[in-house]
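Here's the structure we're looking at; comments come further down.
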Amino acid sequence: MSRNRRAGRSEQLPLTTNSTTRSAEAVFTVWPYGTWGLLSRVLCRNLFRSDVKIQSRRVPVRVPALPCCDNCSATSPIWCCMFPPRFVLTSLPWTAQHTTGSIRKVHFCWLLILQPLKWLSPTTYWRIEGVMFRWLLSMVALWSYSNGYHVVERGDDVWDLKDQRTLVLFNHQSTSDVPLIMAAFNSRIQLFNNIMWIMDHIFKYTNFGLVSWAHGDFFIQGGKEHRDSSLVKLENHLRNFYIPRMRKWLVLFPEGGFLKNRKPSSQRYALKNNLPVLENVSLPRVGALKVILDSVAADQNDEKTDTIKHLLDVTIAYPGGDPLDLPTIFGGWRPPCDTIFHYRRFNIEEVPKEEEALTEWLYTRYVEKEKILQEYYDTGVFPEAPTPHAPGYLVEKVPRLNGVQVVHDPLEFVLRHCFYLASTYIWVNIIAWIFSWIFSQLW
0 MSRNRRAGRS
10 EQLPLTTNST
20 TRSAEAVFTV
30 WPYGTWGLLS
40 RVLCRNLFRS
50 DVKIQSRRVP
60 VRVPALPCCD
70 NCSATSPIWC
80 CMFPPRFVLT
90 SLPWTAQHTT
100 GSIRKVHFCW
110 LLILQPLKWL
120 SPTTYWRIEG
130 VMFRWLLSMV
140 ALWSYSNGYH
150 VVERGDDVWD
160 LKDQRTLVLF
170 NHQSTSDVPL
180 IMAAFNSRIQ
190 LFNNIMWIMD
200 HIFKYTNFGL
210 VSWAHGDFFI
220 QGGKEHRDSS
230 LVKLENHLRN
240 FYIPRMRKWL
250 VLFPEGGFLK
260 NRKPSSQRYA
270 LKNNLPVLEN
280 VSLPRVGALK
290 VILDSVAADQ
300 NDEKTDTIKH
310 LLDVTIAYPG
320 GDPLDLPTIF
330 GGWRPPCDTI
340 FHYRRFNIEE
350 VPKEEEALTE
360 WLYTRYVEKE
370 KILQEYYDTG
380 VFPEAPTPHA
390 PGYLVEKVPR
400 LNGVQVVHDP
410 LEFVLRHCFY
420 LASTYIWVNI
430 IAWIFSWIFS
440 QLW
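Below, the structure is given as structure tokens:
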């Protein structure tokens with residue numbers, strides 16, 4: 000297993016260059032020690048899009064003379080023109096503070112101004128809030144996309160469901176999963192505005208926790224002592240927030256945590272209960288899924304528009320089984336790679352609601368994920384893996400996605416950065432004027 004995974008990782012480019020085919024390139028040597036080594040690595044990786052990997056004391060780094068070369072993953076001329084600004088936008092430390100600090104403050108300043116609209120016209124308020132939520136999280140999508148960590152979509156075409164209430168299940172491998180999901184969803188204009196996330200309560204205390212709370216996402220507590228009360232709160236949340244705020248896609252991670260954290264306990268539970276022992280995924284938990292199906296899922300022949308009618312089973316697959324992580328997504332420490340999102344769509348009627356049958360159905364899906372991922376890690380080729388519909392179910396004709404890369408408009412990223420920078424300037428001046436006026440009245 001470990002040998003196969005190591006073999007499947009992205010290989011470093013050769014350290015030697017052909018003078019005929021690489022005449023426009025120069026080879027520089029940088030020292031990977033101290034501040035200069037770190038800065039050099041960031042510069043070469045992010046500014047010039049070359050591959051840097053420490054193998055010895057000296058690291059040959061291939062630097063193309065022009066951005067529009069074969070190492071460039073640009074999708075439009077605009078992006079090529081942004082190479083120096085891109086380094087400033089996504090790699091310097093102050094950008095992290097700008098993205099996670101001032102943008103959040105500006106976001107809440109605008110929401111504060113819009114509070115009267117929340118009471119006068121809630122529908123309008125939540126539409127505006129959804130748009131601003133997408134703008135905010137598109138800053139996170141910028142990190143992965145500009146570093147060359149692209150999402151490639153396979154399986155069933157699911158994007159005709161973006162305006163329909165849909166439950167989306169993801170396997171959960173690492174901290175890079177959510178930024179890549181944001182990147183995939185951000186490319187669909189109307190989708191990201193109307194998503195609700197169900198996530199571990201610990202994320203409430205992260206940089207975007209307050210933003211997610213204001214958006215109406217649900218933070219679920221794990222552990223036996225909180226399990227029952229959390230599921231009751233989830234049911235109330237779905238009825239009081241998911242339905243009234245007209246959210247469409249409901250995102251859930253059934254494994255309940257990252258693979259590296261959940262795998263040991265999952266395997267112990269599997270051995271104890273004579274269940275499949277999984278390596279590439281962990282056994283999912285059924286509690287939250289059962290509450291969702293009982294609360295807001297459509298029954299057979301249900302014509303209500305406010306119920307969930309589809310379920311998407313999404314498998315996230317990293318090259319060689321070596322997941323990215325959040326620092327890599329932000330800093331671009333690893334060579335560009337494609338992460339596969341494999342979609343399988345089901346009508347909600349195919350999913351059993353009785354707990355024992357639902358558990359068996361969900362376990363079967365994750366055993367299938369295990370086989371799909373293992374074949375991909377072993378061969379480097381992602382299998383076809385058609386959707387296993389329920390016996391006797393009339394399957395609708397759905398187009399297939401065969402390696403479609405998610406693309407973004409770089410101009411949108413530039414304009415949103417400009418909006419938040421301008422908003423920061425405006426609100427800093429407004430707040431400074433308010434404090435100045437208060438102090439002038441006191442003294």
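Sequential numbering of the sequence shown, starting at 0, is according to numbering that gives the first Met the number 0. A virtual CB, placed ideally from N, CA and C, is assigned to each residue, including glycine. Bear in mind that the values here come from a model prediction, so they are computed numbers and not experimental data.
From the options, residue whose alpha carbon lies closest to that of residue i
i: residue 253; options: 226, 134, 283, 381; result: 283
i: residue 329; options: 243, 138, 160; result: 138
i: residue 153; options: 291, 128, 433, 383; result: 383
i: residue 200; options: 246, 206, 220, 281; result: 220
i: residue 243; options: 442, 121, 437, 103; result: 121
i: residue 315; options: 407, 417, 240, 381; result: 381
i: residue 129; options: 141, 248, 142, 317; result: 248
i: residue 245; options: 223, 224, 189; result: 189
i: residue 143; options: 206, 332, 113, 205; result: 332
i: residue 281; options: 430, 438, 205, 170; result: 170
i: residue 163; options: 346, 203, 390; result: 346
i: residue 390; options: 323, 412, 348, 408; result: 348
i: residue 159; options: 291, 327, 395, 207; result: 395
Where residue i sits in the DSSP three-state scheme
i: residue 217; result: strand
i: residue 239; result: helix
i: residue 307; result: strand
i: residue 321; result: coil
i: residue 174; result: coil
i: residue 188; result: coil
i: residue 404; result: strand
i: residue 412; result: helix
i: residue 103; result: helix
i: residue 131; result: helix
i: residue 442; result: coil
i: residue 165; result: strand
i: residue 296; result: strand
i: residue 205; result: coil
i: residue 249; result: strand
i: residue 273; result: coil
i: residue 196; result: strand
i: residue 20; result: Note that residue 20 scores 34 on pLDDT, short of 50, meaning its location in the model is unreliable; the coordinates nonetheless yield the value given after this. Three-state result, residue 20: coil.
i: residue 472; result: Because the chain spans 0 through 442 in this model, residue 472 falls outside it and cannot be assessed.
Nearest-angstrom beta carbon gap, residue j and residue i [assumed within contact, 8 angstroms]
i: residue 313; j: residue 342; result: 6 angstroms
i: residue 311; j: residue 168; result: 7 angstroms
i: residue 135; j: residue 210; result: 6 angstroms
i: residue 192; j: residue 132; result: 7 angstroms
i: residue 293; j: residue 352; result: 7 angstroms
i: residue 165; j: residue 285; result: Contact flag wrong, Cβ pair sits at about 19 angstroms.
i: residue 308; j: residue 297; result: 5 angstroms
i: residue 187; j: residue 161; result: 5 angstroms
i: residue 233; j: residue 287; result: 6 angstroms
i: residue 277; j: residue 265; result: 7 angstroms
Neighbourhood of residue i by C-beta distance below 7 angstroms, restricted to the same chain and skipping five residues each side
i: residue 69; result: Because the pLDDT at residue 69 is just 40, under 50, the model does not fix this residue reliably, and the value given afterwards should be weighed accordingly. Correct list: empty, nothing qualifies.
i: residue 527; result: The requested residue 527 is not part of the displayed model; the chain covers only 0 to 442.
i: residue 116; result: 123, 124
i: residue 295; result: 237, 241, 242, 306, 307
i: residue 255; result: 221, 261, 284
i: residue 108; result: 426
i: residue 102; result: 135, 138, 419
Same chain only: Cβ atoms within 8 angstroms of residue i, ignoring 5 sequence neighbours per side
i: residue 105; result: 419, 422, 423, 426
i: residue 279; result: 258, 320, 368, 369, 372, 373, 376
i: residue 440; result: none
Close-in-space but distant-in-sequence residues of the same chain around residue i (CB under 6 angstroms, 5 per side omitted)
i: residue 150; result: 179, 182, 183, 338, 340, 405
i: residue 111; result: none
Residue i beta carbon near the ligand SAH (any heavy atom closer than 6 angstroms)
i: residue 266; result: Within the structure as shown, the ligand SAH is missing, as the structure has no ligands at all.
task: Report yes or no: do three or more beta-carbon pairs, one from the region 168-177 and one from the region 398-417, lie closer than 8 angstroms?
output: no
task: Flag this pair as touching only if the region 196-215 and the region 356-367 have three or more C-beta atom pairs under 8 angstroms; answer yes or no.
output: no
query: Between the region 195-211 and the region 322-337, do three or more beta carbon pairs fall short of 8 angstroms?
result: no
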